[in-house]
Amino acid sequence: MLKNKKKVEGTAHMSMRDDIKEILLTEEQIQAKVKELAAQISREYEGKNPVFVGVLKGVVIFFADMVRNVDIPCEIDFMSTSSYSGTTSTGRTEIRKDVSVDITGRHVVILEDIFDTGTSLTFTVNHLLNKKPASLKVCTFLDKPERRRPGVTVVPDYVGYTIPNEFVVGYGLDFDEHYRNLPYIGVLKPEMYAK
Ligand code: IMP
Ligand code: MG
């Protein structure tokens, strides 16, 4: 539970800033990187009419910024997965919403907010590969390689920023569904998630 939940819900920006220990990536750094990634992808996918697939919900902000900076014809689609911790320590991932575009024979780029243990992205990649796309690449805005679970073989093809092993919020990333609307990426004060 959020200790200061009332404060978070009741006021805006300034009080959310109080919950942040440190700003890791500013709005300017984020937007500069988005432009770089989108330019690279636009060059590499010219004439390929790619499908960008976003995995909800964390990716929505990055996704909207990316596709607005991509300047080639493309399509967009979304999927949603959920992980159940269940009885095993690794948990299990299930599909809540599948893609609606037929991606067979298409060039697909998965957009992700953060590549952490790799569990959810491995599931998503395998799920989409079963639909036989012409190609499949992964673009993640953040990568936390220190957290990678042993045995994960998926490697992101495009990475925005590699970050240290700290829990971050903002720019779509949440803690307990909050802070997604911060325009920057910050590290939450530990007291915010200590019970
Ligand atoms: P993975 O399956 O462990 O790679 O987890 C990926 C998902 O965990 C992301 O899509 C996020 O929703 C969530 N996640 C991982 N690290 C963070 C973080 O630092 N802040 C917020 N959410 C995170
Ligand atoms: Mg989350």
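Take the sequence shown: its letter number 13 is residue 27 in this note's numbering, and every next letter is one higher.
Here a beta-carbon is modelled for each residue, glycine too, at the ideal position from N, C-alpha and C.
All values derive from a computational prediction rather than experimental measurement.
- For I128, no alpha helix (DSSP H) run applies; the uninterrupted beta strand (DSSP E) run containing it begins and ends at H121 to F129, by DSSP.
- The closest CA to that of Y172, considering only T138, D127, Y207 and Y185, is found on D127.
- Taking 7 Å as the cut-off, one finds no heavy atom of the ligand IMP near enough to the beta carbon of L39.
- If you look at I117, you'll find it isn't in any alpha helix (DSSP H); DSSP assigns it neither H nor E.
- Excluding sequence positions up to five before and after F92, its CB lies within less than 6 Å of the CB of G68 and L70, all in the same chain and listed in chain order.
- When the five nearest sequence neighbours on each side are left out, the beta carbons in the same chain lying within less than 6 Å of the beta carbon of G72 are those of D127, G186 and L187, in order along the chain.
- Out of D190, R162 and V201, the CA that lies nearest to the CA of E180 is found in V201.
- Distances between the C-beta of I128 and the heavy atoms of the ligand IMP include at least one below 7 Å.
- Excluding five sequence positions before and after E160, the CB atoms of its chain that fall closer than 6 Å to its own CB belong to N179, given in chain order.
- Taken in chain order, the complete beta strand (DSSP E) segments of 3 or more residues contained in the region 28-88 are 34-39 and 65-69.
- Across the structure, K151 and V123 are spaced so that their CA atoms are roughly 5 Å apart.
- The closest heavy atom of the ligand IMP lies 7 Å or more from the beta carbon of S149.
- Of the residues assessed, P164 falls on the exposed side of the cut-off, its CB having fewer than 16 other CB atoms within 10 angstroms.
- Taking 8 Å as the cut-off, the Cβ atoms of M80 and L135 do not count as close.
- For V139, the enclosing alpha helix (DSSP H) has its first and last residue at T133 to L143.
- Cα atoms of G61 and G119: separation of roughly 14 Å, rounded to the nearest angstrom.
- Counting the other CB atoms within 10 Å of its CB gives I55 a total of 16 or more, which places it among the buried residues.
- Shown here, R162 sits in coil according to DSSP, grouped into three states, outside any helix or strand.
- At a Cβ-Cβ threshold of 8 Å, Y193 and V183 count as neighbours.
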